[in-house]
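**Student:**
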Amino acid sequence: MLIGLSLLAGLALQGVHASQYERFDDLDVHYVVFNTTDISPEMADRYDLTRAPDRGLINIAGRRRAEDGNSTPVRLELDGTVTNLLGQSQPLAFREVEDPQAIYYLETIRFSDRETLRFHIGVTDTETGKRHELRFQKALWRQ
Numbered sequence: 084m085l086i087g088l089s090l091l092a093g094l095a096l097q098g099v100h101a102s103q104y105e106r107f108d109d110l111d112v113h114y115v116v117f118n119t120t121d122i123s124p125e126m127a128d129r130y131d132l133t134r135a136p137d138r139g140l141i142n143i144a145g146r147r148r149a150e151d152g153n154s155t156p157v158r159l160e161l162d163g164t165v166t167n168l169l170g171q172s173q174p175l176a177f178r179e180v181e182d183p184q185a186i187y188y189l190e191t192i193r194f195s196d197r198e199t200l201r202f203h204i205g206v207t208d209t210e211t212g213k214r215h216e217l218r219f220q221k222a223l224w225r226q
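To convert a position in the sequence shown, counted from 1, into this note's numbering, add 83.
1) What is the DSSP secondary structure of A176, counted as helix, strand or coil?
2) Between D109 and A149, is the Cβ-Cβ spacing less than 9 Å?
3) State yes or no: is the C-beta of Y104 within less than 9 Å of the C-beta of I204?
4) Touching or not, the stretch 159–168 and the stretch 193–210, by the rule of three or more beta carbon pairs under 8 Å?
5) Give the single residue among E216, I122 and Q184 whose Cα lies nearest to the Cα of Q226.
6) I need the DSSP call for D121, collapsed to helix, strand or coil.
7) Is the beta carbon of V116 less than 9 Å from the beta carbon of V206?
8) Kindly provide the ranges of any beta strand (DSSP E) runs that are 3 or more residues long and lie completely inside the stretch 156–209, ordered along the chain.
9) Residues in its own chain within less than 8 Å of R178 by CB, not counting five upstream and five downstream?
10) Please work out which residues of its chain come closer than 6 Å, Cβ to Cβ, to I141, disregarding the five sequence neighbours upstream and downstream, and give them in chain order.
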């Protein structure tokens, strides 16, 4: 699984949570949400991210699986919202980051302490034009 090799390699060294994924035909959409304070200051500078106890980072990447088990990065178009349990929502506007072996999408969000957030993200595979819905929730704590 090669989500943002540089970004996740740095995060893995810090013990950040594992990625999850959703499978749509031959497209695997990997996603992870965590507090930006889990990122080193150097990594935050490199990706122009604000580290703060009330900010979360969403990282999404698409990989196309081949029959031989190998996978290649897929360019995606993403749109969506994040909603708290009170029904307050905010739109998501991802920015694309490309590394030599991966393409991934980043967005930061604000959250309250111990807040459970529901994510609804439209994922369009730009190679096939197929659109998929990615839905998940995540609880975040200030650190």
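All C-beta atoms in this analysis are idealised placements derived from N, C-alpha and C, irrespective of residue type, glycine included.
**Tutor:** Taking the coordinates as given:
1) coil
2) yes
3) no
4) yes
5) I122
6) helix
7) no
8) 159–167, 172–175, 178–182, 185–193 and 198–208
9) Y188, L189 and E190
10) V116 and E190
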